[in-house]
Amino acid sequence: MSPSFGFDRGTPIDRYYMAKFFSTHGEVFRGVAGQIASSSYLKEFGGSRIEEISIIDNDPSNKHATIVADLGVAGSLPSAHFDLLVVTQTLQYVERPQEVIGFCMEALRPGGSLLLAVPALTAHDRREPPEWDYWRFWPAGLLHTIQQAVPEARHVVTDYGNLVAAIAFLHGLSAEELERNELDHHDPLYPVVICARLDKPEGSAGR
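Convert by adding 13 to the 1-based position in the sequence shown; the result is the number in this note's numbering.
See the structure below:
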């Protein structure tokens, strides 16, 4: 029904769930913050509590990008610089997600937070070459990846979705076209998106 995840019809269903997770963890939206490709979540959930915004992209044609970086390359992000990094729907496009999580944690100041969102189920993004699309995740798989990458980090992993929402998302329906109970019902057999918060311990100089 929509080749663009429902953007042309309203709010994509996975974005509805991501916003719900970010709202739950709104206290981490503060200080020096970075987001992949845009600053939308930082502005929506951080407002005046965000002191400095970096827009991170590996595509230099993104005129809004303030940091052009490949998250899969060590040192691409400034070390111990951010209070918050928001990395959504990105890990499926990297060869080694575990390394990217580690590099992102290295870019956080002690006490900083990394917010992740990864697809459990999604159509391929037609804007990207199919050969770049590597992964879909399961809650246990993302948790394992996090624990292997940064075993010392405090973390929360939350999955969202159900069968109705999953089918609607694959068809490209928007969140506005479903009832609230159809969106908010949680069925662990049919996750749509998995979100995670990782906190870098105070006093930590590395990952």
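Where a beta carbon is used, it is the ideal one built from N, C-alpha and C, also for glycine.
How is residue 193 classed by DSSP in three states: helix, strand or coil? helix
Using only CA atoms, which one of 166, 46, 140, 27 lies nearest to residue 90? It is 46 whose Cα lies nearest to the Cα of residue 90.
Which whole runs of the beta strand (DSSP E) in the region 36–114 are 3 residues long or more, in chain order? 44–49, 63–70, 95–101
With a Cβ-Cβ cutoff of 8 Å, do residue 224 and residue 188 count as a contact? No statement about residue 224 is possible, as the shown extent of the chain runs from 14 to 220 and does not include it.
Give the single residue among 124, 20, 88, 210 whose Cα lies nearest to the Cα of residue 152. 210
Helix, strand or coil at residue 27 [DSSP, three-state]: helix
Which of the three DSSP states is assigned to residue 124 in this structure? strand
Do residue 162 and residue 102 have their beta-carbon atoms positioned less than 8 Å apart in this structure? no
Would you mind reading off the limits of the beta strand (DSSP E) that contains residue 205? Neither: residue 205 is in no beta strand (DSSP E) and is coded neither H nor E.
Count the other CB atoms, across all protein chains shown, that sit within 10 Å of the CB of residue 97; report buried if there are 16 or more and exposed otherwise. buried
Residue 139 to residue 18, Cα distance in whole Å? Cα to Cα, residue 139 sits roughly 10 Å from residue 18.
Would a C-beta distance cut-off of 8 Å place residue 239 and residue 130 closer than the cut-off? Outside the displayed span of the chain (14 to 220) sits residue 239, for which this structure offers no information.
Thinking just about the alpha-carbon of each residue, which of 106, 118, 123 is nearest to the one in residue 99? 118
Going by DSSP in three states, residue 135 sits in which element: helix, strand or coil? coil
With a cut-off of 8 Å on the beta carbons, I'd call residue 154 and residue 113 a contact; round off their distance for me. With a Cβ gap of about 15 Å, residue 154 and residue 113 do not count as contacting.
Between the C-alpha atoms of residue 115 and residue 126, what's the straight-line distance to the nearest angstrom? 12 Å
Could you check which residue in 76, 61, 62 has the C-alpha nearest to that of residue 68? 76
So the alpha helix (DSSP H) residue 177 belongs to, where does it begin and stop? 176–184
Would you decide whether residue 71 is buried or exposed? Buried here means 16 or more other CB atoms lie within 10 Å of its CB. buried
On the DSSP letters alone, give me the boundaries of the alpha helix (DSSP H) that residue 199 sits inside. It is not in any alpha helix (DSSP H) - residue 199 carries neither H nor E in the DSSP assignment.
Would you mind stating whether residue 185 and residue 15 have Cβ atoms separated by less than 8 Å? Yes, these two residues count as a Cβ contact at 8 Å.
Assuming residue 154 is part of the alpha helix (DSSP H), what are its boundary residues? 152–162
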